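With the numbering used here applied, the sequence shown covers -1 to 318.
By construction, the Cβ of each residue, glycine as well, lies at the ideal position given by its N, Cα and C atoms.
The model shown is predicted, which means the values in this text are computed figures rather than measured ones.
Contents: one structure, followed by commentary.
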Amino acid sequence: MDTNKKTIDIIVPCYNEEDVLNLFYTESSKVTEAISDYNCRYIFVDDGSRDKTLSILRELAEKHSNVNYISFSRNFGKEAAMYAGLDNSTGDYVVIMDADLQHPPSMIPDMIEGIKEGYDCCAARRTTRKGEAPIRSFFSSMFYKVNQKMTNIDLVQGAVDFRIMTRDMVNSVLALSERQRFSKGIFAWVGFKTKWLPYENVERPLGTTKWSFWGLFKYAISGITSFSITPLRTVTGMGFFISIFAFIYIIFTLIKTLIFGIDVPGYVTTLSAILFLGGIIELSIGILGEYVANIYMEVKNRPIYILKDTNLPLGGKKHE
Ligand code: UDP
Ligand code: MG
-1 MDTNKKTIDI IVPCYNEEDV LNLFYTESSK VTEAISDYNC RYIFVDDGSR DKTLSILREL
59 AEKHSNVNYI SFSRNFGKEA AMYAGLDNST GDYVVIMDAD LQHPPSMIPD MIEGIKEGYD
119 CCAARRTTRK GEAPIRSFFS SMFYKVNQKM TNIDLVQGAV DFRIMTRDMV NSVLALSERQ
179 RFSKGIFAWV GFKTKWLPYE NVERPLGTTK WSFWGLFKYA ISGITSFSIT PLRTVTGMGF
239 FISIFAFIYI IFTLIKTLIF GIDVPGYVTT LSAILFLGGI IELSIGILGE YVANIYMEVK
299 NRPIYILKDT NLPLGGKKHE
């Protein structure tokens, strides 16, 4: 390792990636070996894989001096894996990329160019969603629209977690030490100048996606609740309008009863009102609950990840 050169840490979250890891390393090291003006170092994060991911990482680390790994005590999720990678990185620049080669390593030199041009961050943006279920693309674009309306952070459509960042930006990202992490929002929230590089979706060569539909849905909800209180305001607004409407309706019915006497029928109206309000109340409690749950998780202040094994010096960063 040339100590005069600046270092780039490449963080790769891995969960059950035994099929693709060796291929990933071969492909990406072709690119990183050609980068002559920086030292490139890998930090693989084994996110509690149940397959041979960790032993493959150990083998890679034995064979190649630029390979480091950290391994969790269980599966903490990709967000935690990315955080751990950043937390344990010391490089002047940090790249985050997936292990499944869906983030083309060939883009790394272009990203470095972006940094040389003076950007703090250079990130990839998918322009097509080829090979993805149409229903997933539909919900995904819905999510961007809703998120855009509700939060004042600017999420870029198609942005993926493949990027290079300067140390300053990484430190800012780490300073947001929330437990319920939504990195796409965090990257946007910290600001800094980002250059976007478009690319076409690449299908996974091996292995399968780790996301279930339900998993993505929960992720989308946390994306909104961790950056916006608009849903809470909406509940307040809804309550306000319903109260005004109810008040006018009561006055109206009172006057009508005084003039025309008691009108007995009204079963359907009563039932509709009860059901409608019941629905709204349930929904409001649910929305409130999402925020209470977030507070609950944050207040417990549990570590974002638990390290079990690593080949990094000092056993990775010490945790308080
Ligand atoms: N991943 C992880 N922990 C998880 C799920 C996924 O570290 O709990 C990693 C996975 O190994 C991969 C990346 O996150 O490197 C993206 O996962 P995947 O390819 O399943 O997601 P997709 O590309 O379908 O969005
Ligand atoms: Mg993938």
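Query	Result
Nearest-angstrom Cα separation, counted from V158 out to Y142	13 Å
Range covered by the beta strand (DSSP E) that runs through W194	192 to 197
Residue environment, R39, which counts as buried when at least 16 other CB atoms sit within 10 Å	buried
The segment 90 to 107 / the segment 132 to 148 touching (three or more Cβ pairs under 8 Å)	no
Cβ-Cβ distance between M95 and V188 below 8 Å	no
R231 burial status per 10 Å Cβ neighbour count (16 or more: buried)	exposed
Range covered by the alpha helix (DSSP H) that runs through M329	Summary: the structure shown does not reach residue 329, with the chain confined to residues -1 through 318, and so no result is reported for it.
Proximity to E31 [Cα-Cα], best of I8, V171, A97, Y247	I8
The segment 166 to 184 touching the segment 77 to 89, judged by at least three CB pairs closer than 8 Å	yes
D166: first and last residue of the uninterrupted alpha helix (DSSP H) it sits in	165 to 173
Nonlocal neighbours in the same chain, by C-beta distance under 8 Å from L174, ignoring five residues either side	I184, W187, V188
Stretch pair the segment 293 to 301 + the segment 231 to 246: three plus CB contacts closer than 8 Å	no
Proximity test, R134 beta-carbon vs ligand 2 heavy atom, cut-off 7 Å	no
Beta-carbon proximity of S71 to I304, cut-off 8 Å	yes
At least 3 beta-carbon pairs within less than 8 Å: the segment 40 to 47 vs the segment 82 to 96	yes
Per-residue burial, F22 [other beta carbons within 10 Å of its own, 16 or more giving buried]	buried
C-beta atoms of N199 and R127 nearer than 8 Å	yes
Buried versus exposed call for A271 [16 or more other C-beta atoms within 10 Å across all chains shown]	exposed
F238 burial status per 10 Å Cβ neighbour count (16 or more: buried)	exposed
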